[in-house]
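Participant:
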Amino acid sequence: MLDVRGIRKSFGALEVLKGIDLTVRKGQIVALIGPSGSGKSTLLRSLNMLETVNEGEIWLDGRLVNRRMPGKAFEIHLNRVRQQMGMVFQHFNLFPHMTILKNVTIAPRVLKGLSEDQSRRQGLDLLAKVGLESKSDCYPSQLSGGQKQRVAIARALAMQPKVMLFDEATSALDPELVEEVNLVMKHLAAEHMTMLIVTHEMKFAAEVADRVLFMDGGMVVEDSPPDQMFTAPKQERTRSFLRKYLNG
């Protein structure tokens with residue numbers, strides 16, 4: 670589903686991604702862990718072209734994502750790429766002047782041409798999926814942080830993406846709200862949605878991921894199944910990180 674080949678990304682003199690190679694099969698859930706500044710979020714943002722890589726290739730379902738194209742053609746290509754890669758950020762980025770249902774339905778109507786009736790039915794189904802159908806006529810200001818993040822997930826799913834990217838989706842939430850968002854992500858994992866999840870929650874990563882990638886210094890240091898990553902990591906740098914993180 671996703672094939673990343675030798676991507677590099679620099680901000681000025683600072684090289685943030687140093688030749689990342691990564692293959693993700695359809696239906697696979699990959700968790701990305703590592704210290705702050707290791708390149709995890711930049712990698713996710715690069716996958717759907719929120720950041721432009723300096724080198725390398727990103728392939729989605731057999732198509733080159735970061736190909737060079739002239740003006741308007743590139744804009745069309747970029748919109749298609751972002752429709753196929755749903756992304757959920759730390760902060761919810763909901764439209765405050767729109768109801769929850771409108772937040773979920775506007776993109777399918779504008780970008781995919783769904784009718785108002787089609788988008789409404791799909792939107793209500795997705796809100797039910799994240800446990801918020803009863804809140805469809807509310808505005809974001811009337812919801813808790815966890816509820817807003819669940820709406821953000823429903824909004825991303827409304828475009829029927831091939832891959833879902835989660836960039837520390839629970840890090841801005843109060844601890845008691847984290848589990849309600851994690852539960853939605855666990856349900857998506859059970860449905861075999863292809864997902865890449867940047868997270869600081871090791872227990873969650875161990876529960877949902879097929880693979881865990883430990884990143885440090887812009888590189889993938891270790892790529893292992895969760896039972897190995899969290900019980901017998903191969904690399905000393907991984908062991909050092911997990912000792913500090915899990916013990917402190």
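Read in order, the letters of the sequence shown are residues 670 to 917 in the numbering used here.
Idealized CB from N, CA, C, for every residue including glycine.
Taking only three categories from DSSP, how would you classify E848?
Facilitator: The answer is helix: DSSP assigns E848 an H, G or I state.
Participant: Determine which residues share a DSSP beta bridge with V673 and list them.
Facilitator: Beta-bridge pairing links V673 to L691, I727.
Participant: Would you mind sorting D786 into buried or exposed? The rule is 16 or more other CB atoms within 10 Å of its CB.
Facilitator: Label assigned to D786: exposed.
Participant: Going by DSSP in three states, S788 sits in which element: helix, strand or coil?
Facilitator: S788 falls in the helix class under three-state DSSP.
Participant: Determine whether the Cβ of Q697 lies closer than 8 Å to any Cβ atom of chain D.
Facilitator: As a matter of chain content, chain D is missing from the structure shown, which is built from one protein chain.
Participant: Output the distance between the C-alpha atoms of G681 and S705, rounded to the nearest integer angstrom.
Facilitator: Going by the C-alpha atoms only, they are around 19 Å apart.
Participant: Give the straight-line distance between the Cα atoms of P902 and N723, rounded to the nearest whole angstrom.
Facilitator: Using only the alpha carbons, I get a separation of about 31 Å.
Participant: Compute the beta-carbon to beta-carbon distance between L686 and L712, rounded to the nearest angstrom, for a pair I have assumed lies under 8 Å.
Facilitator: Going by Cβ atoms, the distance from L686 to L712 rounds to 6 Å, so yes, they are a contact pair.
Participant: Quick check on the DSSP output: the alpha helix (DSSP H) that includes T711 runs from which residue to which?
Facilitator: Run containing T711: 709-716, per the alpha helix (DSSP H) assignment.
Participant: Are the stretch 761-776 and the stretch 731-748 touching, with three or more C-beta to C-beta distances below 8 Å?
Facilitator: Contact between the stretch 761-776 and the stretch 731-748 is absent, because fewer than three Cβ pairs lie under 8 Å.
Participant: Which same chain residues, not among the five before or five after R789, have their C-beta less than 8 Å away from its C-beta?
Facilitator: These residues qualify, in order along the chain: L770, T774.
Participant: Under a three-way DSSP split, which group does G696 fall into?
Facilitator: Coil at G696, not helix or strand.
Participant: Evaluate the contact criterion for the stretch 831-838 versus the stretch 865-873: three or more CB pairs, one atom per stretch, below 8 Å.
Facilitator: Contact holds: three or more Cβ-Cβ distances are below 8 Å.
Participant: Taking the alpha carbon of S707 as the point to measure from, which residue in D879, L683, L801 has its own alpha carbon closest?
Facilitator: Of D879, L683, L801, the residue nearest in Cα terms is L683.
Participant: Quick one: is T839 buried, meaning 16 or more other Cβ sit within 10 Å of its Cβ, or exposed?
Facilitator: T839 is buried by the Cβ-count criterion.
Participant: For G815, name the three-state secondary structure that DSSP assigns.
Facilitator: The answer is helix: DSSP assigns G815 an H, G or I state.
Participant: If the criterion is Cβ atoms closer than 8 Å, does the pair V757 and D879 meet it?
Facilitator: No, they are not a contact pair.
Participant: Between which residues of its own chain and K678 is the CB-CB distance below 7 Å, once the five residues before and five after are set aside?
Facilitator: Excluding sequence neighbours, K678 sits near V685, L686, T711, S715, E720, V722, N723.
Participant: Buried or exposed: where does V820 fall if 16 or more other Cβ atoms within 10 Å of its Cβ makes it buried?
Facilitator: Classification for V820: buried.
Participant: Examine the Cβ distances between the stretch 723-735 and the stretch 890-904 and report whether three or more of them are shorter than 8 Å.
Facilitator: No, the stretch 723-735 is not in contact with the stretch 890-904.
Participant: What is the DSSP secondary structure of M738, reduced to helix, strand or coil?
Facilitator: M738 falls in the coil class under three-state DSSP.
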